[in-house]
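Working notes for the structure below.
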Amino acid sequence: MRLPLLALLLTLAAGAASADPLPGRIVSIGGAVTEILYALGAESRIAAVDTTSVHPPAALQTKPDIGYMRALSAEGVLSLSPDLILMENGAGPKEAVALIDAAGVPVRHVPSGHSVPDLLEKVRLVAASVGEESKGEAMAADMKAALDRLATDLAPIERKRRVLFILSIADGRANAAGRGTGADAVIRLAGGENVFSGVEGYKTLSPEAAAALAPDIILMLDRGGPSSGDPLAPPALAATPAGQAGAVIRMDASYLLGFGPRTPGALRDLATRFYPEAGLGASLVR
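Read left to right, the sequence shown gives residues 9 to 294 (the working numbering).
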């Protein structure tokens, strides 16, 4: 009996020895990826982040910065000696991504879709990549429950608010979000109607064209600079239902459009501002 038992123990020991160790030097490319890693408690294993990793603030304050995710340097990323690179889809340029993929370092490309299934799959993939499957499943389950509660709370609302998302304003012309954008997704998930959904992607509108969409609410990102000018300054937009009511909502970009662990809270906050009369209650997450 001793020999079979000894053989079993040796087999188990060999299996444990050959198991891949957890990655200890992770390069995180994409704000949502970094947020997920911090939420999983894996921040001590992050070797570097990109400039979109603005939350939590400690990420950019304490980790080496590899630059903007769409302007990567393959040499810069690989010089950090990572044992795992988590890269959100949309990173670039293509040549740099191809060099990183060919370098022999484990790379996981993380989907960046805007649907609820995409969001939950992103969490699960990142968690599995760093050996935190159980935490990832629990996080995904909590997020799904919060989103389901919001959908239930929004169900009785009969008239959806008509929303125009303006990304930026230049020379009085608005760059607005059509279907297939993250802005379109958050408007719909928060119970609103995107008045520009007949157009794909982002397009520039004259004040008159934007006014013809007759939005009840104008949604913008909360940031400084000329691109965040007053959308109601043009008389045509001031005459819209949004203009008459002074209904301009501004929200932090990484919170509203990050599509990470804080998204359920961001959507509830947005829905609360769409429908203040509904008593939805604001999220406690920021």
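All C-beta atoms, glycine included, are put in the ideal place defined by N, C-alpha and C.
Only a predicted model underlies this, so the values are computations on that prediction, with no experimental measurement involved.
Remark: C-beta atoms of A66 and V138 do not approach each other more closely than 8 angstroms.
Straight-line spacing of the CA atoms in A135 and Y210 works out to 32 angstroms. Counting only unbroken stretches of 3 or more residues, the beta strand (DSSP E) elements lying wholly within the segment 111 to 181 are 115 to 118, 170 to 178, in sequence order. Beta-bridge partners of V194 (DSSP): none assigned.
Contact check between the segment 261 to 280 and the segment 117 to 129: three or more CB pairs, one atom from each, fall below 8 angstroms, which counts as touching.
Note on geometry: alpha-carbon atoms of S52 and V41 lie some 14 angstroms from one another. For L288, the three-state secondary structure derived from DSSP is coil. The beta carbons of P72 and A82 sit no closer together than 8 angstroms. Between V131 and I44, the CB-CB gap stays under 8 angstroms. One thing to note: L127 has its Cβ within 8 angstroms of the Cβ of T271. For R78, no alpha helix (DSSP H) segment is defined, and its DSSP state is neither H nor E.
Note on geometry: alpha-carbon atoms of V85 and V115 lie some 12 angstroms from one another. Going by beta carbons, L80 and A104 fall inside the 8 angstroms limit.
When the Cα atoms are used, L229 and L92 turn out to be separated by approximately 33 angstroms. For T189, no beta strand (DSSP E) run applies, since DSSP gives it neither H nor E. Contact between the segment 196 to 214 and the segment 173 to 188 is present: 3 or more CB-CB pairs across the two stretches fall below 8 angstroms.
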